[in-house]
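Numbered per my numbering, the sequence shown spans residues 645 to 945. From the three backbone atoms N, C-alpha and C, an ideal C-beta is built for every residue, glycine too. Notes follow once the structure below has been shown.
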Amino acid sequence: MPSTPCEEPRLQLRRQGYQFVSPKASAAVKPCLWCKRALCGGEMCYKHRFYGIDSHRCIQMTPTLRCTQRCLFCWRSFEHEPPAEEELPPEFIVDRLPDLQKRALSGYKPSYRVPPGKFDEALQPRHVAISLAGEPTCYPHLPRLVELLHERGYTTFLVSNGTRPWVLGETRPFQTYVSLCAPDRETYGRLCRPITDSWERVVESLGILGKRRSAIRITLVRGENDRSPERYAGLIQDSGARFVEVKGYMYLGYSRKRLKKENMPDHGEIQAFASALAGGSDYIIRDESPASRVVLLERMG
Ligand code: SF4
Numbered sequence: 645m646p647s648t649p650c651e652e653p654r655l656q657l658r659r660q661g662y663q664f665v666s667p668k669a670s671a672a673v674k675p676c677l678w679c680k681r682a683l684c685g686g687e688m689c690y691k692h693r694f695y696g697i698d699s700h701r702c703i704q705m706t707p708t709l710r711c712t713q714r715c716l717f718c719w720r721s722f723e724h725e726p727p728a729e730e731e732l733p734p735e736f737i738v739d740r741l742p743d744l745q746k747r748a749l750s751g752y753k754p755s756y757r758v759p760p761g762k763f764d765e766a767l768q769p770r771h772v773a774i775s776l777a778g779e780p781t782c783y784p785h786l787p788r789l790v791e792l793l794h795e796r797g798y799t800t801f802l803v804s805n806g807t808r809p810w811v812l813g814e815t816r817p818f819q820t821y822v823s824l825c826a827p828d829r830e831t832y833g834r835l836c837r838p839i840t841d842s843w844e845r846v847v848e849s850l851g852i853l854g855k856r857r858s859a860i861r862i863t864l865v866r867g868e869n870d871r872s873p874e875r876y877a878g879l880i881q882d883s884g885a886r887f888v889e890v891k892g893y894m895y896l897g898y899s900r901k902r903l904k905k906e907n908m909p910d911h912g913e914i915q916a917f918a919s920a921l922a923g924g925s926d927y928i929i930r931d932e933s934p935a936s937r938v939v940l941l942e943r944m945g
């Protein structure tokens, strides 16, 4: 008999590499594949290429697995969402991060595979990507959590689905991301499946981006949201965000139960879509990473 409502899903997530901050909450750390690849002296993710973030020194985490959407393309399982959890103090989460990252990388030791210098660096992470799974603005102490991370010397990227603009407005990460995965309310409802209709809130969140270092992330799903680039262009133009990342949907994790492999666009389609966005706005294509299937646009002027 599980001792807490979310024990069984947690066990499954632990097997997938999640390190939980506390048995009573869903705040967690999980290094991404790029972190491990970089640790072994391999390639780094597009965030290194675009923004100079070292993948092996990046902690991927979330303060909660709760979410306000049920996106078809999400690689997490919605069954893993905790029905209730304890809200941990932000100090507690931040204190635990280095140890959890160390534990998550415990299968790696300096060797012919892992250059010792890289290993030492990985044990001293410099960046926190609040983007693992779940919607971080559901965590009530997010503004303070981000402040504390900066006080400890980390840079931060925060990825939000934009459904809680009042929290986003109070939170000041180094770079704020808002996901824009639909050109209109109808597509948004079908693809992102918000618990309550949040289209206006997402648009409101986009409006926050012009006042800070920010990016809009578009996850392009072939046959689902890869049309009406002129409408996307209008929304990003109005937002004033500095960057736009157009990323291809990846057929991974639990999304395979909801979508098909054919929903993955190839890099040429992503480039064409990004070009159409640039054609209808003040953004230009700045860079791309075919390995990560992402194209970066930047606002001119
Ligand atoms: S907003 Fe993010 S975490 Fe929530 S369902 Fe969508 S992709 Fe998954």
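> How should I737 be labelled, buried or exposed, when 16 other C-beta atoms within 10 angstroms of its C-beta is the threshold for buried?
Replying inline: Numbered from 1 along the sequence shown, position 93 holds the residue referred to as residue 737. Per the 10 Å Cβ criterion, buried.
> Between K881 and the rest of its own chain, which residues show a CB-CB distance below 7 Å, the 5 nearest in sequence each way excluded?
Replying inline: The residue given as residue 881 occupies position 237 in the sequence shown. In the sequence as presented, Lys is not what sits at residue 881; that position holds Gln. If we look at Q881 and ignore the five residues flanking it on each side, its Cβ neighbours are S925, D926.
> the ligand SF4 heavy atoms versus the CB of C718: any closer than 8 Å?
Replying inline: For the purposes of this step, residue 718 is taken as residue 74 along the sequence shown, with counting starting at 1. Yes, since a heavy atom of the ligand SF4 falls inside the 8 Å radius drawn around the Cβ of C718.
>> Quick check on this structure: which residue in G923, F722, V758 has the alpha carbon closest to the alpha carbon of A777?
In response: To locate residue 777, count along the sequence shown from 1; it is residue 133. Out of G923, F722, V758, F722 has the C-alpha closest to the C-alpha of A777.
> Which parts of the segment 807-886 are runs of the alpha helix (DSSP H), unbroken and 4 residues or longer, counting only runs that do not cross its ends?
Replying inline: 809-814, 829-836, 843-850, 873-883
> Using 8 Å as the threshold, is the segment 747-763 in touch with the segment 813-822, meaning 3 or more CB pairs across them?
Replying inline: no
>> Please report the straight-line C-alpha distance between T706 and R875, rounded to a whole angstrom.
In response: Locating residue 706 in the sequence shown gives position 62, counting from the first residue. Locating residue 875 in the sequence shown gives position 231, counting from the first residue. When rounded, the distance between both Cα atoms is 31 Å.
> With respect to the alpha helix (DSSP H) encompassing I914, which residues constitute its N-terminal and C-terminal limits?
Replying inline: Here residue 914 refers to the residue found at position 270 of the sequence shown. I914 -> alpha helix (DSSP H) spans 911-923.
> Helix, strand or coil: which one does DSSP assign to E729?
Replying inline: Working through the sequence shown from its first residue, we reach residue 729 at position 85. Of the three classes helix, strand and coil, the one that applies to E729 here is coil, per DSSP.
> With L850 and S883 assumed to form a contact (beta carbons below 8 Å), what rounded beta-carbon distance in angstroms separates them?
Replying inline: Within the sequence shown, the letter at position 206 stands for residue 850. Within the sequence shown, the letter at position 239 stands for residue 883. Yes, L850 and S883 are in contact; Cβ-Cβ is about 4 Å, under 8 Å.
> Say the cut is 8 Å; is the CB of Q704 nearer than that to a heavy atom of the ligand SF4?
Replying inline: As a first step, residue 704 is located in the sequence shown; it is residue number 60 there, counting from the start. Not under cutoff, so the answer is no.
> Exposed or buried, what is E779 when buried is set at 16 or more other beta-carbons lying within 10 Å of its beta-carbon?
Replying inline: Your numbering for residue 779 matches position 135 in the sequence shown. Under this definition E779 is a buried residue.
> What three-state label does DSSP hand S750 in the structure shown?
Replying inline: Stepping through the sequence shown from its first residue, residue 750 is reached at position 106. S750: coil per DSSP, three-state reduction.
>> For the ligand SF4, is there any heavy atom lying closer than 8 Å to the beta carbon of R714?
In response: Here residue 714 refers to the residue found at position 70 when the sequence shown is read from its first residue. R714 Cβ: within cutoff of the ligand SF4.
> Is A885 buried or exposed, if buried means 16 or more other CB atoms sit within 10 Å of its CB?
Replying inline: Position 241 of the sequence shown, counting from 1, holds the residue named residue 885. It counts as buried.
> Run through DSSP, which three-state label would P646 get?
Replying inline: The count along the sequence shown starts at 1 and reaches residue 646 at position 2. Unreliable positioning characterises P646 in this predicted model, as indicated by a pLDDT of 40, which lies under 50. The coordinate reading is nonetheless provided below. Correct three-state label for P646: coil.
> Is it right to say P784 is buried, meaning 16 or more other beta carbons lie within 10 angstroms of its own, or is it exposed?
Replying inline: As a working note, residue 784 is residue 140 in the sequence shown. Exposed, since its Cβ has fewer than 16 Cβ neighbours within 10 Å.
>> Taking the beta carbon of P1009 as the centre, do at least 16 other beta carbons fall within 10 Å, making it buried, or is it exposed?
In response: Outside the shown range of the chain (645 to 945) lies residue 1009, about which nothing can therefore be said.
> How would you call W810, buried or exposed, if buried means at least 16 neighbouring beta carbons within 10 angstroms?
Replying inline: Position 166 of the sequence shown, counting from 1, holds the residue named residue 810. By the neighbour-count rule (16 or more Cβ atoms within 10 Å), W810 is not buried but exposed.
> Hey, is C676 close to the ligand SF4, as in C-beta under 8 Å from one of its heavy atoms?
Replying inline: Within the sequence shown, numbered from 1, the residue matching residue 676 stands at position 32. For the ligand SF4, not one heavy atom lies less than 8 Å from the Cβ of C676.
>> Once the 5 residues before and after T863 are set aside, which same chain residues still bring their CB inside 6 Å of it?
In response: Position 219 of the sequence shown, counting from 1, holds the residue named residue 863. Closer than 6 Å at Cβ, skipping near neighbours: F717, C825, K891, Y893.
> Who are the Cβ neighbours of P653 in its own chain at under 7 Å, not counting the five residues just before and after it?
Replying inline: Taking the first residue of the sequence shown as 1, we reach residue 653 at position 9. Around P653: E723, H724.
>> Would you say the beta carbon of G778 is closer than 8 Å to some non-hydrogen atom of the ligand SF4?
In response: For this step, residue 778 is matched to residue 134 along the sequence shown. Within the cutoff, so yes.
>> Please report the distance separating the alpha-carbon of G685 from that of S804.
In response: Along the sequence shown, one-based indexing puts residue 685 at 41. Along the sequence shown, one-based indexing puts residue 804 at 160. The alpha-carbon atoms of G685 and S804 are separated by roughly 31 Å.
> Out of D743, A672, G945, I697, which has the shortest C-alpha to C-alpha gap to R710?
Replying inline: Along the sequence shown, one-based indexing puts residue 710 at 66. With distances taken between Cα atoms, R710 lies closest to A672.
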